[in-house]
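Protein sequences, first through last, are from chains A and B. What the first sequence shows, in our numbering, is residues 318 to 590, in sequence order. What the second sequence shows, in our numbering, is residues 34 to 300, in sequence order. Heads up, the beta-carbon is just placed ideally off N, CA and C, and yes, glycines get one too.
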Amino acid sequence: MSKGICLFAQKNDRSDYYKQAVACAMSIKSFNPEEKICLITDMKIEKADEKYFDVVKDIPGKDLSTNSTWKIENRSKIYNTSPFERTIVLDVDMLVLENLENFWTLLEPYELFYTNKVKTYRNEIANDDFYRKVFVHNQLPNVYCGLHYFKKSASNEKFYALVSDIVTNYKEYSERFANNFKQTWCSMDVATAIAIKLLNKEHQVFSKSNVLTFTHMKPKIQNWKADVKNWTAYIDYNFNKHKELAVGNIIQTGIFHYVEDNFVNEQLMENLK
Amino acid sequence: MSKGVVLFAFNNKAINYVEQAEFCAKKIIRHLQLPVTIVTSDKVTNKDLFDKIIVIPKEENQTRNFYDGDQRQKAFWNNKSRTSAYDLSPYNETLVMDTDFIVENDLLLKVFGKGHDFLINHEAQHLDFQSNMTDEMKYISDSGIKMCWATVFYFQKTDRVKRLFTLINHIKDHWSFYRFRYQLLQNTYRNDFAFAIALHILNGHMKSDWPIQLPIKLFYITDRDKIVSYKDNTWQFKLQGDLDCKIKDINIHVMNKIGLMKVIKDE
């Protein structure tokens, strides 16, 4: 059965998703040279970067994000676009810092998997309530699409069809299922959480262990007392030639979601080579 | 295998650490029945309390404030020789403790003969369970690594522990660099921080399950909490925020050293 990692990058005015996707793919290939990577994008791949992607696919169908600046709506198409039978999906603003064989093994029993708890850079499970009010107040499952996994199956076909419908008709779904604390813009996390709740899949898609997770660098979940807006300005970090990332003198492992665009600079790209 | 306790005591104008060590030694002998070695540069009056008296020079190069509730005294703080514990200890298995750590039970005997080479607490608990102090001291700084309490620790003389002490001494000798590297705000050298940094480095800059914690909860009061009385192993405190607290047969780290001196004098 084929397996691989899907990345999604749609051009927008806010972030350089192309550069981030290349950095992410480079980090995957560093620790997992045999891993197959598919990039779903509307951007042209530069000749020098082609070697990091095994498959490049256009974003299919009608653009669902014409009225959005964040451009995430088309991510609901990843399921149908993925060329793999088993797919791990990662956000492009992530670095993979270890071999993923353990992830594949642990994900094998799941038909569909989502992360529902994330870690701080100090390797502690984060209290993420600050950013998750819409989930807390609406009793939605605490879904992070940043790292998720699916197998191609009839059941998942229906699940992702519902996610697409929620994304397309976000306002209606939000008013009906996330009315206690409203988020006016559509996020994949909220849309997916509504789908999981509607299909009563909470007991199937999450792991009780703390292994299938990632480090999330949003500043308010790091257990800092200081009111930090940008973690990259608050704490020392270094990514060296040996592809070791230290944040606050702590070596990072697993999957690292750096969140802030300025984290990817020329030096990091050079050290990823 | 020889077992024992090592205490470091260097008097300053605010605190008579040797007297504290004598009080501490009496408690150790009573509850743990272990020999006690004192490392000092000062005169020891009650020599009979100690198995060995090791004299080393005093390093008077940093000061700190010593509080008794609101009262403050500034004096030299001679805390740097603790890093020599590995070289100075005459025992194969050693417990090192602050002279203001008061042993009131035999729980610490559980450290011996278990095959551990090093045991130390990463957590401490203020007697006022609602105090913010415990939370604030979880890490060595706001963005820093996990805290470590050198108040009490246990070690065996092994290669790994020797490397650990070599590293701690290196950190002490290059304190200004490590203080900057680990985002520590205060200038003063502190053993808790040096031990935490050394363990972090020795564990490959990652979270690790070595060393595990001592088999005791490290209860403490700060120097802003007052000692009301001490009698028959029962301590009575007036904690910050006017909270009355009474404990019996519980090991306690009495950071209010000036208050502790008054208790010792009354004894």
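In the DSSP output, what is residue i paired with across the bridge?
i: B/A108; result: B/R97
i: B/G37; result: B/T127
i: A/L324; result: A/L356, A/L407
i: B/I245; result: Partner(s): none; B/I245 has no beta bridge.
i: A/N436; result: Per the sequence shown, residue 436 of chain A should be read as Lys rather than Asn. Note: A/K436 sits in a beta bridge opposite A/I442, A/T532.
i: B/Q269; result: B/S262, B/K279
i: A/Y466; result: A/I405, A/F430
i: B/Y172; result: B/K179
i: B/L152; result: B/Y187
i: A/L412; result: A/F573
i: B/N138; result: According to DSSP, B/N138 bridges with nothing at all.
i: A/D375; result: A/T358
i: B/F252; result: B/Q158
i: B/K85; result: B/T70
i: B/H286; result: B/F134, B/Y253
i: A/I511; result: Paired residue(s): none; A/I511 is not in a bridge.
i: A/I568; result: A/A563
i: B/A42; result: B/T73
Would you give the residue range spanned by the alpha helix (DSSP H) that residue i belongs to?
i: A/Y334; result: 334 to 348
i: B/C27; result: Coverage of chain B is limited to positions 34 through 300, which leaves residue 27 of chain B absent and any answer about it impossible.
i: B/Y184; result: The residue you asked about is not Tyr; residue 184 of chain B is Thr in the sequence shown. Per DSSP, B/T184 belongs to no alpha helix (DSSP H); it is in the beta strand (DSSP E), 182 to 189.
i: A/N473; result: 471 to 485
i: B/Y119; result: 118 to 121
i: B/K290; result: 290 to 299
i: B/D206; result: 192 to 206
i: A/I395; result: 395 to 398
i: A/F556; result: That residue, A/F556, is in no alpha helix (DSSP H); its beta strand (DSSP E) goes 554 to 556.
i: A/T422; result: 418 to 424
i: A/A495; result: That residue, A/A495, is in no alpha helix (DSSP H); it is neither H nor E in DSSP.
Roughly how many whole angstroms lie between the Cα atoms of residue i and residue j?
i: B/N112; j: B/N44; result: 11 angstroms
i: A/I376; j: A/Q337; result: 17 angstroms
i: A/S393; j: A/V480; result: 6 angstroms
i: A/D366; j: A/V373; result: 11 angstroms
i: A/E577; j: A/G571; result: 18 angstroms
i: A/R439; j: B/K76; result: 46 angstroms
i: B/S114; j: A/W541; result: 33 angstroms
i: A/G505; j: A/Y461; result: A small correction: the amino acid at residue 505 of chain A is Met; Gly does not occupy that position in the sequence shown. Looking at the two C-alpha atoms, the distance is approximately 8 angstroms.
i: B/A54; j: B/L40; result: 7 angstroms
i: A/N579; j: A/T549; result: 8 angstroms
i: A/A512; j: A/D333; result: 29 angstroms
i: B/I230; j: B/R214; result: 10 angstroms
i: A/K514; j: B/I178; result: 38 angstroms
i: B/F228; j: A/K535; result: 29 angstroms
i: A/T404; j: A/N555; result: 30 angstroms
i: A/N486; j: A/K590; result: 42 angstroms
i: B/T302; j: B/D120; result: No statement about residue 302 of chain B is possible, as the shown extent of chain B runs from 34 to 300 and does not include it.
i: A/K328; j: A/N557; result: 29 angstroms
i: B/E92; j: B/F210; result: 20 angstroms
i: B/M294; j: A/I552; result: 41 angstroms
i: A/S597; j: A/I345; result: The structure shown does not extend to residue 597 of chain A, since chain A spans only 318 to 590, so no value can be given for it.
i: B/N165; j: A/N566; result: 25 angstroms
Would you mind reading off the limits of the beta strand (DSSP E) that contains residue i?
i: A/L562; result: 562 to 564
i: B/G274; result: No beta strand (DSSP E) contains B/G274, which DSSP labels as neither H nor E.
i: A/N459; result: Premise fails: A/N459 is in no beta strand (DSSP E) and is neither H nor E.
i: A/V581; result: First-last for A/V581: undefined, no H or E at that position.
i: B/H233; result: Per DSSP, B/H233 belongs to no beta strand (DSSP E); it is in the alpha helix (DSSP H), 224 to 235.
i: B/T132; result: Premise fails: B/T132 is in no beta strand (DSSP E) and is neither H nor E.
Compare the C-beta of residue i against all C-beta atoms of chain C and say whether one is closer than 8 angstroms.
i: A/N566; result: In summary, chain C is missing from the structure at hand, where the protein chains are A and B.
Task: chain B contacts from the stretch 538 to 564 of chain A (Cβ-Cβ distance under 7 angstroms) - done: W541, K542, A543, Y551, I552, A563
Task: the stretch 135 to 147 of chain B touching the stretch 51 to 68 of chain B, judged by at least three CB pairs closer than 8 angstroms - done: yes
Open item on the list: Could you check whether the stretch 411 to 423 of chain A touches the stretch 339 to 354 of chain A, counting it as contact only if at least three pairs of C-beta atoms, one from each stretch, sit closer than 8 angstroms?
Closed with: yes
Open item on the list: Please identify, using Cβ separations under 9 angstroms, the residues of the stretch 242 to 269 of chain B that lie next to chain A, in order along the chain.
Closed with: none
Open item on the list: Give me the subset of the stretch 134 to 164 of chain B whose CB atoms are less than 8 angstroms from a CB atom of chain A, sorted by chain position.
Closed with: none
- [ ] Tell me, please, whether the stretch 223 to 235 of chain B touches the stretch 193 to 210 of chain B by the rule of three or more beta-carbon pairs shorter than 8 angstroms.
- [x] yes
Task: Given 8 angstroms, three or more beta-carbon pairs between the stretch 121 to 137 of chain B and the stretch 282 to 292 of chain B - done: yes
- [ ] Assess, as a yes-or-no matter, whether the stretch 81 to 94 of chain B is touched by the stretch 267 to 274 of chain B under the definition of 3 or more beta carbon pairs within less than 8 angstroms.
- [x] no
Task: Segment contact, 8 angstroms Cβ cut-off, at least three pairs: the stretch 418 to 437 of chain A with the stretch 452 to 460 of chain A - done: yes
Task: the stretch 463 to 473 of chain A contacting the stretch 419 to 429 of chain A, beta-carbon criterion three pairs below 8 angstroms - done: yes
Task: Positions along the stretch 227 to 241 of chain B whose CB lies within less than 9 angstroms of some CB in chain A - done: I230, H233, I234, G237, H238, M239, K240
Task: Under 8 angstroms (Cβ pairs) to chain B, residues found in the stretch 434 to 450 of chain A - done: R439, N440
- [ ] Evaluate the contact criterion for the stretch 418 to 427 of chain A versus the stretch 517 to 535 of chain A: three or more CB pairs, one atom per stretch, below 8 angstroms.
- [x] yes
TODO: Count the CB pairs spanning the stretch 242 to 250 of chain B and the stretch 150 to 157 of chain B that are closer than 8 angstroms, and state whether there are at least three.
DONE: yes
TODO: Can you give me, in chain order, the residues of the stretch 193 to 212 of chain B that have a beta carbon less than 9 angstroms from any beta carbon in chain A?
DONE: none
- [ ] Take every Cβ of the stretch 170 to 190 of chain B, pair it with every Cβ of the stretch 218 to 226 of chain B, and state whether three or more of those distances are shorter than 8 angstroms.
- [x] yes
Task: Inter-stretch contact at 8 angstroms, needing at least 3 Cβ pairs: the stretch 114 to 125 of chain B / the stretch 184 to 197 of chain B - done: yes
TODO: Taking only beta carbons into account, state which residues of the stretch 164 to 178 of chain B come closer than 7 angstroms to chain A, listed in chain order.
DONE: D175, S176, G177, I178
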